[in-house]
Every structure is written in C-alpha cells, then in structure tokens.
Amino acid sequence: MSLPTLHDLHRPLGNNGPMVSPLGLGTVKLGRDQGVKYPNGFQIPDDDEARMLLKLARDLGINLIDTAPAYGRSEERLGPLLRGQRQDWVIVSKVGEEFSDGQSRHDFSAAHTRFSVERSLKRLETDHIDLVLVHSDGNDLAILNDSEVYPTLAALKREGKIGGFGFSGKTVEGGLKALEQGDCAMVTYNLNERNEKAVIDYASEHGKAILVKKALASGHVCLSPGVDPVRASFELLFEHPGVASAIVGTINPLHLAHNVATVAKVLRKN
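With numbering that gives the first Met the number 0, letter number 202 in the sequence shown gets 201, and the count goes up by one each step, no holes.
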C-alpha cells in the first residue's frame with residue numbers, strides 16, 4: 000500500500016511566489032540541540048539519517064525546506080545534502096539572528112544582512128535563495144522602522160540573489176507592517192495561540208504569503224481524549240485560505256509520514 004503524498008496539493012506561496020507543498024520541513028534539528036523549546040530531548044541526525052529524511056520528504060511530495068543561520072550547522076549541512084537536487088526544493092532561510100556558544104544575538108544592520116545572505120548562498124551551495132525572512136528578536140516594529148534590514152533585502156531581491164523576502168515576527172503589528180512591503184510573513188498559529196490570525200487575514204486579502212511556525216505548538220498540543228491533535232491542528236490551519244504552508248521540524252520519519260498523510264486527508268476532505 001502506497002503512502003499518501005502531497006505531490007498534487009502544491010499551492011502558490013502568495014500571488015507571485017513559487018509553488019510549495021502545504022507542509023514544509025523545518026531543519027533546526029539538523030543543526031542544533033541547544034536552546035530549543037521541544038518537550039523531549041533529541042539527537043542531531045548523522046548525514047545518512049538526514050539524507051534519508053530528505054529523500055522521504057521529497058518522495059512524500061514536500062518541496063519546501065526551512066533553515067536559518069541561527070539553526071547551528073543546518074545550512075552548511077544542507078548544502079552538500081541537497082547537491083544535485085536544487086531544482087527540487089524551495090529554500091527558505093533567515094537573517095538577523097546568530098547562534099553561537101549556546102547564545103542568540105541579533106544584528107539587523109545593512110552590512111550584516113548582506114553578509115548573512117552571501118554566507119547562506121555559499122553554505123547552501125546555490126546562487127539564489129527562494130525566500131529570506133527576518134528572524135525577529137520580538138521588537139518587530141523597531142526592526143522594520145529603524146533598521147536597514149528590509150531595504151537591504153529588497154536590494155538583494157533586485158540583484159536576483161533572493162526570490163522574495165519577509166518577516167518571521169512575534170506580534171500582529173509587526174506581521175501587518177512586514178507585509179506592506181514584504182512578500183511573506185511567518186506567523187505562530189496553532190490550537191493554543193491564534194492572536195496572529197489578523198496577519199493571515201491581511202495576507203489573504205492582499206495576495207501575500209503566509210508560512211506557519213509552531214503549527215503543532217512545538218509538540219505541546221494536548222486535546223481531549225479521542226481527538227487527534229495533529230489532525231485538529233492542520234484542520235485549523237488549512238481552513239484559512241491565507242495559509243500557504245506549515246513548517247514542521249520533525250526528524251522522525253514516522254512522524255513525517257503521519258503529518259503528510261494527515262495534511263493530505265485534511266486538504267482532500269477525506
């Protein structure tokens with residue numbers, strides 16, 4: 000019996016974006032195991048395990064991959080792991096946050112933004128990144144109003160180094176502001192946290208893209224007995240036409256296949 004896949008369920012990432020799978024693979028767990036908010040500990044997969052996970056994702060119809068400089072060694076591992084497959088993937092990375100020695104630090108200057116994107120291009124072994132998001136520290140409006148990060152990303156887009164840019168923020172105000180000039184907002188939206196729905200509404204009305212982070216509340220969703228929390232989570236997300244894709248960072252092949260099967264069921268309405 001073949002597993003359900005997402006190959007025929009790809010949708011546009013906003014009005015002008017590439018076609019993406021409704022489920023994206025988050026790769027923080029390929030690169031770092033410090034300072035991550037998951038209910039259980041985990042071991043970073045070795046190259047063979049990571050390669051098998053990426054192959055499974057592709058076979059199941061996932062073409063969207065999410066990484067960041069703040070995800071430890073994620074980008075530099077993905078470069079070699081995706082060699083020869085660049086045309087098969089839509090790659091999302093970030094700028095603004097660095098992670099070293101167990102600590103995060105943020106830099107939204109023009110110089111660092113450009114440096115960060117150029118470094119990501121080298122690490123990922125590619126000449127373009129499909130989408131680059133600003134990794135907010137929570138001061139969303141200050142970043143957008145007072146730093147050079149958005150104008151620099153707009154310049155990198157004109158140069159063809161990135162396909163689009165946007166914002167992974169923490170506030171409704173930040174998400175709305177980010178979408179005025181940017182292509183995409185990454186928002187937290189799940190059964191426990193729904194206050195960023197206004198950002199999804201705005202994106203839907205203006206043809207902008209929405210990616211959802213923490214769709215499964217980082218593994219913390221709990222519901223009443225007999226209710227599948229994964230299915231309930233995806234039903235909430237995909238009932239909103241503004242949601243393009245949910246980024247889920249599993250390294251467990253069984254969880255990945257289950258998530259894909261659940262999304263396929265939800266989108267096909269059985």
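For glycine and all other residues, C-beta sits at the position ideal for the given N, C-alpha and C.
Being a predicted model, the structure only gives us computed values, none of them experimental.
For residue i, name the three-state secondary structure that DSSP assigns.
i      : result
Pro17  : coil
Phe233 : helix
Ala154 : helix
Thr187 : strand
Val171 : helix
Leu210 : strand
Gln86  : helix
I'd like to confirm the pairing. Which residues does DSSP put opposite residue i in its beta bridges?
i      : result
Leu24  : Ile64 and Val247
Lys93  : Leu132
Leu11  : Residue 11 is actually Pro in this sequence, not Leu. The partner list for Pro11 (beta bridge, DSSP) reads Met18.
Val226 : Bridge partners of Val226: none, in fact.
Arg104 : Glu97
Gly165 : Leu132 and Cys183
Does residue i pass the burial test, meaning 16 or more other C-beta atoms within 10 Å, or should it be called exposed?
i      : result
His134 : buried
Gly83  : exposed
Ala57  : The sequence as given places Arg at residue 57; Ala does not occur at that position. Arg57 should be labelled buried.
Glu75  : buried
Ser119 : buried
Below 6 Å CB to CB, which residues in the same chain sit around residue i once its five sequence neighbours on both sides are set aside?
i      : result
Asn194 : none
Leu59  : Thr4 and Val259
Going by beta carbon distance, what residues of the same chain come within less than 8 Å of residue i, once the five residues before and after it are set aside?
i      : result
Pro44  : Lys28, Leu29, Leu52 and Ile250
Glu172 : Asp139 and Leu140
Asp355 : The requested residue 355 does not occur in the structure, where the chain is confined to residues 0 to 269.
With a threshold of 7 Å on Cβ separation, who are the neighbours of residue i within its own chain once the five nearest residues in sequence on each side are excluded?
i      : result
Arg104 : Glu97
Gly137 : Lys169
Gly101 : Gln33 and Gly34
Gly16  : Gly163, Asp182 and Ala208
Touching by the beta-carbon criterion (3+ pairs, under 8 Å), the segment 107-120 and the segment 177-191: no
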